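Everything below concerns the one structure shown next.
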Amino acid sequence: MHRSHPNPSPVSSKYLAYKKFLRDQEELKLNLKNIHSLIDQSAPTPRPHITERTRTRQLRDDELERIQSENDRLRSRMIKNGAFTDNHNNYLSRSLNGRKRYRDETQHRYVMDRLRKQIHHAQSDLSTSSYLTYLDDYVQILCKCTDQSLIEKLNENYVDEIQKQTRFILIQWHNEHFIDQSSSLFIERVGHLNRKMALLTERCQLNEKQMRRIEQLLCNSEMTQLIVSILESILESTHRHHDPFLRHLAILIDSFSLMQSQKTIFNDISERVLRSDYYQQYLTELLTSEVQQIHLFFVGAMSQLANQIENATLNELYSQFLIEFFHGKPIPNNPDLHYCTLGILSQLNLTSLINDYPCISALVSFFLGISVKSTADTMKVFRLPLLKIFNALCIQSKIIACYLNNNDLIDILLHHVTNRNQHCQIHIYACLLLGHIISDNQLIQYRISHKLLMKLLDILFSSKNHIENVLFSLLSLTIHEQIQFLIAQTYQLRNLIQLTEQHSTAYEIIWKLSFHSDIIEQLTKRHENFLEHLSTLADHPAAQGILENIQTKNIPHLPNTNAMPFDYALVSSPKDAHLIRSIEDQLRKHNIQAGTVDNSRCIILCISEESKHDCTCQATIRKALIDCKKILPCIFQKPYRIDDWFETLNLSERKFFNLIESGAQKLLPEIQKDSQQLSTIVKRTRILSPPLKRNSQATFTLSPPPQQPSPVEVPPKVQGKKIQTWTNREVLQWCEKNQLNGFNKILARYDGRSLLTLAHIARMNAPHTIINHLRNDCRKHGLRLPYVEFVRFQAALDELLRLEQTLLRRQSVSLLASRYVYKGRATQKA
């Protein structure tokens with residue numbers, strides 16, 4: 048009797064596997080037969096009933112048809128998959144016998160190696176056009192690859208073949224051979240591919256081997272010598288200046304401008320091109336004529352390849368070009384003009400551009416004309432170069448930063464900052480520029496203080512390539528009181544102190560922050576080692592300025608009645624030195640002598656953005672106020688903003704002297720007045736030793752001089768209780784008074800200090816952020832928060848902050864008035 052297998056599953060599996068193995072063997076034989084038929088060129092068995100000519104023609108047609116169908120099949124498959132698959136016939140045998148399976152696999156590898164060798168030998172028999180088409184397909188597929196996929200394919204043999212063919216075509220053109228249209232288009236596509244590979248060095252984190260591979264492909268010695276020879280031949284004569292091939296050559300050269308590490312190879316030849324007469328000639332032609340291929344080559348490609356050169360004539364031509372095409376006009380829809388514009392933007396000299404306000408206005412108009420929703424690559428490519436130019440200008444000049452401050456530009460920058468799908472570099476430079484140009488009022492209006500500061504700090508500690516640029520942006524941003532308060536509240540001072548080891552700009556930032564009492568408190572209580580280190584930096588102005596701010600007590604003292612040897616002292620930024628000299632010369636002609644702040648009767652404060660951002664000026668004016676010096680605010684440069692520490696001087700109530708229009712003539716009567724007719728100085732006690740815990744910045748108030756020499760009376764005791772000392776019961780009474788019934792449960796455990804902190808947070812963040820957090824708290828208590836009640840809550844918080852500032856001001860006035868009595872000029876006895 049037949050006994051069945053106890054477990055039939057293995058038997059059935061072996062049977063099915065064996066059937067599959069037979070099918071695979073048959074398919075393998077069939078494919079090998081097809082491959083042999085393509086490669087084997089031996090003549091078939093003759094047929095007696097067909098003539099030799101007919102038989103030969105039929106065989107050739109059949110062979111070409113098979114080759115064409117196979118090529119079409121492979122090309123469609125390769126394009127569909129996104130890569131060339133060199134193992135499309137890799138059929139593996141699955142024999143149940145291990146030894147036989149090993150022999151089959153070995154035989155298969157042997158057959159595939161032999162076929163590859165035969166195909167390699169057959170490449171020499173291909174025509175040039177077929178081989179070019181074959182490589183062109185590779186180039187197009189690589190251009191469509193993602194960055195990661197392109198990195199993985201850098202070591203393939205066909206990438207080297209592409210660069211070889213590129214050099215071959217360039218040599219043919221250099222030797223003045225005819226270049227057909229297919230070769231020209233191949234050079235153009237290779238230029239786009241090389242540009243994409245060069246951008247990998249900026250966008251991706253490559254290891255050392257991958258970097259060397261890209262440099263070997265793009266900037267090998269054969270290619271660089273060939274490009275230099277071509278450029279020298281173009282400079283020698285003009286007979287090839289109108290060759291259409293220059294358009295495609297410009298795209299190929301453009302890829303070298305992105306390789307910053309290897310760009311220096313072309314410094315010599317590129318500088319010769321820009322200083323040649325041809326460059327100036329074709330740059331001038333752009334203003335009046337159509338853009339030709341020679342303009343693309345010289346102005347577009349070579350301008351981006353070369354380093355910036357100082358040439359006054361070229362700078363004027365650049366400015367004329369930008370004003371002509373982009374100042375207050377819609378951007379022309381001309382890709383060739385756009386390419387030339389990129390070359391001009393790369394050559395703009397910042398030294399000459401700082402004083403060229405029409406050109407800066409044209410650049411701003413150009414940037415505003417690029418729609419934030421534009422998807423055209425020809426338009427998006429301008430955003431990053433323009434942002435880099437604006438950032439460089441703001442680092443060089445705070446006046447330009449003030450000039451760039453307008454609501455339209457702020458709105459576009461906010462879109463780039465908050466858009467998560469934005470290009471990384473554009474996002475970074477938009478944050479940097481926003482830190483330079485935004486004002487204190489705009490921080491309050493847009494409620495972006497916290498978000499902007501956190502984004503800049505995130506870029507600072509995550510991107511090593513932008514550390515210096517971020518520090519310069521923070522140096523401009525930390526002048527605002529809200530930012531100083533946020534840095535103190537988030538304890539970011541420790542991170543800035545760590546950066547001082549390698550970046551001296553961090554000392555400047557901490558110096559600017561040290562005018563805030565909370566920062567002084569943290570320095571004295573948490574960072575004693577850093578203060579000890581500052582004491583060793585005797586030659587560092589910022590280090591000594593920080594120590595001076597810590598030691599200074601902002602308590603006014605009686606003015607010095609002794610005669611001062613000098614009439615005035617000028618307080619200004621070193622960047623305004625050229626204007627200061629002219630004012631000093633005018634005053635010297637009238638025997639008005641200039642001295643220092645300590646030995647002069649009055650102080651002339653230069654009202655400009657440079658002076659406002661200069662910590663030395665801020666410290667000097669504070670010392671002059673403590674010494675009860677007479678201060679004359681004078682307008683030296685426009686534009687300017689009366690905000691930040693300028694606003695604390697109550698300059699809006701003072702008489703300004705516009706030295707730009709009237710010179711120093713109107714200053715003479717004010718300087719020659721009796722120095723004892725001084726203004727009464729009232730100031731909040733902000734920085735003491737030990738410092739007080741206060742959240743507002745030091746405020747200096749210049750009140751008008753007294754009309755009578757009688758002493759100042761002490762005002763009565765300030766009515767009202769400090770909000771910081773409120774209990775939770777008084778907070779709930781405040782809610783009932785403002786009809787905030789829904790907040791009784793949320794603020795049940797709040798005291799006055801917590802309520803003030805909530806008011807500061809609500810002031811510095813976006814409304815939707817605050818309302819989302821409040822609604823989450825309401826849901827926990829089973830409440831609903833209507834939008835109308837939220838608006839009423841915001842208004843009550845703003846009123847609360849104003850009340851707190853009023854109480855602080857009255858308290859400081861009362862305190863100082865009770866301790867110091869200033870008298871005017873003593874009346875002469877009869």
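Under our numbering, think of the first position of the sequence shown as 48, with each following residue one higher.
Every residue gets a Cβ at the ideal spot worked out from N, C-alpha and C, and that includes glycine.
If you're wondering where the values come from, they're calculated on a predicted model, not measured in any experiment.
Does the beta-carbon of residue i have 16 or more other beta-carbons within 10 angstroms, so that it is buried, or is it exposed?
{"i": "F508", "result": "exposed"}
{"i": "K66", "result": "exposed"}
{"i": "L286", "result": "It is worth fixing the name first, because residue 286 is His in this sequence and not Leu. Exposed, by the Cβ-count rule."}
{"i": "G592", "result": "buried"}
{"i": "M501", "result": "exposed"}
{"i": "S835", "result": "The amino acid at residue 835 is misidentified as Ser; the sequence shows Val. That one is exposed."}
{"i": "T213", "result": "buried"}
{"i": "S177", "result": "exposed"}
Taking Cβ to Cβ, would you say residue i is nearer than 8 Å to residue j?
{"i": "P686", "j": "Y450", "result": "yes"}
{"i": "Y647", "j": "F693", "result": "The question names Tyr, but residue 647 is Ser in the sequence shown. Result no, Cβ atoms of S647 and F693 do not sit closer than 8 Å."}
{"i": "A671", "j": "V644", "result": "yes"}
{"i": "D194", "j": "R250", "result": "yes"}
{"i": "S304", "j": "L265", "result": "no"}
{"i": "F790", "j": "I818", "result": "no"}
{"i": "I218", "j": "H288", "result": "no"}
{"i": "A439", "j": "H483", "result": "no"}
{"i": "I556", "j": "L581", "result": "no"}
{"i": "I391", "j": "S350", "result": "yes"}
{"i": "I506", "j": "H497", "result": "no"}
{"i": "L617", "j": "I673", "result": "no"}
{"i": "S520", "j": "L503", "result": "yes"}
{"i": "I566", "j": "Q539", "result": "no"}
{"i": "L480", "j": "L415", "result": "no"}
{"i": "V320", "j": "L333", "result": "no"}
{"i": "I209", "j": "Y185", "result": "yes"}
{"i": "R810", "j": "I491", "result": "yes"}
The beta strand (DSSP E) spanning residue i covers which residue range?
{"i": "Y615", "result": "F613 to V618"}
{"i": "R648", "result": "S647 to I654"}
{"i": "K677", "result": "K677 to I682"}
Among the options, which residue has its Cα nearest to the Cα of residue i?
{"i": "I197", "options": "L240, L500, R104 and L714", "result": "A small correction: the amino acid at residue 197 is Leu; Ile does not occupy that position in the sequence shown. For L197, the nearest C-alpha among the options comes from L240."}
{"i": "C190", "options": "H224, E223, I817 and A245", "result": "A245"}
{"i": "N453", "options": "F303, I808, R688 and R322", "result": "R688"}
{"i": "R826", "options": "P291, L121, I793 and I370", "result": "I793"}
{"i": "I599", "options": "G829, S620 and T667", "result": "Ile is not the amino acid found at residue 599; the sequence shown has Thr there. The candidate whose alpha carbon is nearest that of T599 is T667."}
{"i": "S620", "options": "H637, C653 and I639", "result": "C653"}
{"i": "Q309", "options": "E269, E262 and Q327", "result": "E262"}
{"i": "Q115", "options": "R150, F313, L75 and Y181", "result": "Y181"}
{"i": "F368", "options": "Q339, P382, C406 and Q355", "result": "C406"}
{"i": "S709", "options": "D690, F683, R70 and T695", "result": "F683"}
{"i": "Q665", "options": "F562, L461 and N222", "result": "F562"}
{"i": "P588", "options": "Q72, W558 and M611", "result": "W558"}
{"i": "S393", "options": "P379, F372, R430 and G375", "result": "R430"}
{"i": "Q72", "options": "D455, K147, D119 and H574", "result": "K147"}
Would you verify that the beta carbon of residue i is, or is not, closer than 8 Å to some beta carbon of chain D?
{"i": "R259", "result": "Among the protein chains of the structure shown there is no chain D, as only one such chain exists."}
Closer than 7 Å: is that where the CB of residue i sits relative to any heavy atom of the ligand FAD?
{"i": "L830", "result": "As presented, the structure is devoid of all ligands, the ligand FAD included, so that no description of it is given."}
Go to residue i, then tell me how far its alpha helix (DSSP H) extends in each direction, as first and last residue.
{"i": "K445", "result": "K445 to Y450"}
{"i": "L369", "result": "A359 to F373"}
{"i": "A666", "result": "C662 to I673"}
{"i": "W773", "result": "Taken as a continuous stretch (DSSP letters only), W773 belongs to no alpha helix (DSSP H), as it is neither H nor E."}
{"i": "C406", "result": "Y404 to G416"}
{"i": "Q549", "result": "From DSSP, Q549 is part of no alpha helix (DSSP H); its letter is neither H nor E."}
{"i": "V464", "result": "N454 to T465"}
{"i": "L570", "result": "S564 to R573"}
{"i": "P588", "result": "P588 to Q598"}
{"i": "C387", "result": "P382 to S393"}
{"i": "C192", "result": "Premise fails: C192 is in no alpha helix (DSSP H) and is neither H nor E."}
{"i": "D301", "result": "F292 to D301"}
{"i": "T248", "result": "Q228 to R250"}
Does the stretch 396 to 412 come close enough to the stretch 359 to 370 that 3 or more CB-CB pairs lie under 8 Å? yes
Cβ contact check for the stretch 624 to 640 and the stretch 658 to 678: 3 or more pairs under 8 Å: no
Specify whether the stretch 769 to 783 and the stretch 795 to 811 touch according to this definition: at least 3 beta carbon pairs, one from each stretch, less than 8 Å apart. yes
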